[in-house]
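Residue numbers (our numbering): 150 to 494.
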């Protein structure tokens, strides 16, 4: 049986990459714990040794060599020790193998448990490392169930969790729905890695554009900013690295195919792609799209943009419930005051 354990440990090292030394260390600790339960309190000075060559398991009693013995369980006299080895001296320790009756079956069960636990730990570690590297990335999964408002998503070897605050208001999550989500955080817990996902994070929209638009993936077009009200409307500011490239056309795609695919993934979220400009006045005017802006005045402290639009464009510039102006302000980092040309006269 012991030889079989050794063969299994070596096989695990080859196939799963788990160090034999780590396995044996864990095995010895588990066997010692099992032996102490088996033998009782008298086993405090005992250790278990697993022979790396033969696979033999030995239970060893460790006693200190002293001149005068006060506790026979933990001490042995120098006179007795010298009968075993004339090289011993006071302060050394002597180990003797104990007969462990009935321990073989327990040892086999313990070895199996240790190996299984190590396999679980190794798999959890690999999953953690895989997903830790994917923080800030997008993953695709299938909705398994919803428990207490938390959406549980099957990601393959592990489940991800979308907490209520990371869910899009009004978005329905049904069993077996496939969806993409942003990897918000990967936590290491005693039960394995915990993958926290988001459907509301602006990073989800950014990564979807990177996946859908080759020019962004190749670095020809850059995303310079995103303002998002998840599930309703977003604004994405882009610029072309090369002057001959149309950044808006690249992102929108032929007949709007690219931006429509992203909007569909976000279940109908409206997406405005606007051109970034280093001139804040131009950038603000672009950010208020689809409204046509007549003039933009930036305050001296560059915190406020005063925008003038035609009277019939005022409601469009502000948007329903102020959404268009709010998103433009978030995108540009400026407070935006909008007035009609009639008010400005």
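Every residue gets a Cβ at the ideal spot worked out from N, C-alpha and C, and that includes glycine.
Since the model is a prediction, treat every value here as computed from it, not as a measurement.
Looking only at DSSP bridge pairs, what is residue i linked to?
i, result
"residue 454", "447, 485"
"residue 224", "213"
"residue 470", "The partner list for residue 470 (beta bridge, DSSP) is empty, contrary to what the question assumes."
"residue 385", "375, 422"
"residue 289", "329"
"residue 197", "208"
"residue 310", "301, 345"
"residue 370", "389"
"residue 255", "None; residue 255 has no bridge partner."
"residue 336", "343"
"residue 294", "301"
"residue 246", "209"
Return the CA-CA distance between residue i and residue j, expressed in angstroms with no decimal places.
i, j, result
"residue 150", "residue 157", "Because residue 150 carries a pLDDT of 49, less than 50, the predicted location of this residue cannot be relied on, and no value is offered for it."
"residue 291", "residue 404", "30 Å"
"residue 485", "residue 399", "28 Å"
"residue 446", "residue 430", "7 Å"
"residue 310", "residue 265", "26 Å"
"residue 401", "residue 261", "57 Å"
"residue 450", "residue 339", "51 Å"
"residue 504", "residue 470", "For the chain, the structure presents residues 150 to 494; residue 504 sits outside this window and is missing."
"residue 364", "residue 173", "53 Å"
"residue 288", "residue 203", "47 Å"
"residue 413", "residue 328", "11 Å"
"residue 103", "residue 483", "There is no way to answer for residue 103, as the model of the chain reaches only from 150 to 494."
"residue 209", "residue 186", "16 Å"
"residue 167", "residue 344", "24 Å"
"residue 452", "residue 428", "14 Å"
"residue 359", "residue 270", "34 Å"
"residue 207", "residue 323", "56 Å"
"residue 155", "residue 257", "12 Å"
"residue 159", "residue 232", "39 Å"
"residue 296", "residue 334", "20 Å"
"residue 393", "residue 282", "35 Å"
"residue 112", "residue 194", "Outside the shown range of the chain (150 to 494) lies residue 112, about which nothing can therefore be said."
Compare the Cα-Cα distances from residue i to each of the options and report the closest residue.
i, options, result
"residue 375", "391, 316, 349", "349"
"residue 308", "277, 153, 411, 215", "277"
"residue 284", "212, 336, 425", "336"
"residue 382", "187, 468, 210, 221", "468"
"residue 455", "461, 472, 477", "477"
"residue 416", "465, 354, 446, 364", "354"
"residue 245", "229, 282, 457, 484", "229"
"residue 179", "426, 227, 267", "267"
"residue 488", "464, 470, 479", "464"
"residue 211", "159, 220, 203", "220"
"residue 153", "205, 232, 238, 226", "205"
"residue 317", "377, 259, 226", "377"
"residue 243", "323, 254, 155, 224", "224"
"residue 273", "297, 259, 474, 305", "305"
"residue 214", "303, 236, 326", "236"
"residue 199", "361, 370, 406, 171", "171"
"residue 462", "438, 188, 369, 409", "438"
"residue 222", "369, 201, 247", "247"
"residue 474", "384, 424, 448, 254", "384"
Is residue i near residue j, with beta carbons less than 7 Å apart?
i, j, result
"residue 481", "residue 436", "yes"
"residue 386", "residue 373", "yes"
"residue 332", "residue 286", "yes"
"residue 299", "residue 293", "no"
"residue 263", "residue 175", "yes"
"residue 227", "residue 239", "yes"
"residue 357", "residue 411", "yes"
"residue 315", "residue 380", "no"
"residue 457", "residue 426", "no"
Step through the CB atoms of chain C and report whether any lies within less than 7 Å of the CB of residue i.
i, result
"residue 381", "Going by chain labels, chain C is absent from the structure shown, which holds only one protein chain."
Assuming residue i and residue j are in contact, meaning their beta carbons sit under 8 Å apart, how far apart are those beta carbons, in whole angstroms?
i, j, result
"residue 397", "residue 422", "6 Å"
"residue 342", "residue 280", "6 Å"
"residue 443", "residue 466", "The Cβ separation is near 10 Å, so there is no contact."
"residue 330", "residue 346", "4 Å"
"residue 196", "residue 181", "6 Å"
"residue 169", "residue 162", "5 Å"
"residue 407", "residue 361", "5 Å"
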